[in-house]
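Engineer:
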Amino acid sequence: MPAMTQSATQPLPFMKMHGLGNDFVIIDARAQPVDLPPRLIQAIAHRNFGVGFDQLAVIAPGQDGADAHLIFYNADGSTSAACGNATRCIARHLMTETGRDALTLTTERGTLYAREAGNGLTSVNMGQPQLRWDEIPLAHEMDTLRLPIEGEPTATGMGNPHCTFFVEDAEAVDLETRGAAIEHHPLYPQRTNVQFASLIGPDHLRMRVWERGVGPTLASGSSSCATAVAAARRGLTGRKVTIELDGGTLQIDWRDDGVWMTGPTMHVFSGQFTPDFLKSVG
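Count along the sequence shown starting at 1, add 29, and that's the number in the working numbering.
In structure tokens, the structure reads:
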């Protein structure tokens, strides 16, 4: 992770973007590194006293020939190796900035490839899923297809851990109660994202998401990828699926070169955090 040394005496520019209501504060640190201690991230995340977001993403200078390096933070100040919708949002911003239709981005998850998909859509290859217990990771060796948890969910890694339940009706699930409990399940030493998905048609899923370190979200790219992989492994769908989330629709395609995710993005506004706000956080 690059050094971050932005002064609290100067305003800090940012963008507010979202992918299907999965919303992000994005800070461009390519020209000027920034200081983002957990307490500042938590303050920015507050939807009354800050701006509010599901994740905060930093665009850092590219590494090893990549166009940019991305760093992701959850609303509680913890880091995440992957954030699919934020990656698509940033890819769209950088493609608009450069006039290019394809980019290479690096993350803690690894190297990701983004491209223009037409009709205002952006595609990102989120890489190959992690299917072994120690890659996800889980607490000890077990079959990741059906975990020894009530409901027999499937575990998948997409650079971050996921736990997917297939249920009759995703709408009927008490997301707040069940999601919070499963996030901290002892089988997941790094906590987990939690999904509840229902098959609503051939290769068509309805999904709701509890995001690790955040809570309920309107959409999640990495969760959508994990759910598509889990559904294909369990024989519920093929490897190319449509996923309906609370905030809209994503297309997921598990190919030989990785899991491709395609959907819309939106740059809502640009602004700046004032020196007074930055100083108030301490």
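Where is the CB? At the ideal position from N, CA and C, for every residue including glycine.
Fair warning: this is a prediction, and the values are worked out from it, not measured in the lab.
Have a look at the DSSP bridge pairing and note the partners of Y102.
Structural biologist: Answer by DSSP bridge pairing, in chain order: L85, T108.
Engineer: With distances taken from CA atoms, which of T193, A89, S152, V288 is nearest A120?
Structural biologist: Ranking T193, A89, S152, V288 by Cα distance to A120 puts S152 first.
Engineer: Do the stretch 216-235 and the stretch 83-93 touch if we need at least three Cβ pairs shorter than 8 Å?
Structural biologist: Because the criterion of three Cβ pairs below 8 Å is not met, the stretch 216-235 and the stretch 83-93 do not touch.
Engineer: What does the Cβ neighbour count give for I272, buried or exposed, with the cut at 16 atoms within 10 Å?
Structural biologist: Classification for I272: buried.
Engineer: Quick check on the burial criterion: 16 or more other C-beta atoms within 10 angstroms. Buried or exposed for M171?
Structural biologist: It is exposed - the Cβ of M171 has fewer than 16 other Cβ atoms within 10 Å.
Engineer: DSSP puts C192 in a beta bridge; with which residues?
Structural biologist: Its beta-bridge partners are A184, V223.
Engineer: Check whether the Cβ atoms of P190 and I165 sit closer than 8 Å, and answer yes or no.
Structural biologist: Yes, Cβ-Cβ distance for P190 and I165 is below 8 Å.
Engineer: Using C-beta distances below 6 Å, list every residue in its chain close to G10, excluding the 5 sequence neighbours before and after it, in chain order.
Structural biologist: Nothing can be reported for residue 10: it is not among the residues displayed for the chain, which extend from 30 to 311.
Engineer: Is A226 closer than 8 Å to T21 when the C-beta atoms are compared?
Structural biologist: What is shown of the chain runs 30 to 311, which leaves residue 21 out entirely.
Engineer: For the stretch 99-168, which segments carrying the alpha helix (DSSP H) assignment without a break, of at least 4 residues, lie completely within its bounds, in sequence order?
Structural biologist: Whole alpha helix (DSSP H) segments, 4+ residues: 113-127.
Engineer: Looking only at its own chain, which residues have a Cβ that is under 6 Å from the Cβ of V297, when we skip the five neighbours before and after it?
Structural biologist: K45, listed in sequence order.
Engineer: Which residues bound the alpha helix (DSSP H) around D305?
Structural biologist: That run of the alpha helix (DSSP H) goes 304-310.
Engineer: Are A168 and L176 closer than 8 Å when you measure CB to CB?
Structural biologist: No, these two residues do not count as a Cβ contact at 8 Å.
Engineer: Can you tell me whether P31 is helix, strand or coil according to DSSP?
Structural biologist: Low confidence applies here, because P31 scores a pLDDT of 38, under 50, leaving its location unreliable; read the following figure in that light. In this structure, P31 counts as coil in the three-state DSSP scheme.
Engineer: Might you give, ordered along the chain, the residues of its own chain that have their beta carbon closer than 7 Å to the beta carbon of R144, omitting 5 neighbours on each side?
Structural biologist: Contacts found: D130, A131, S152.
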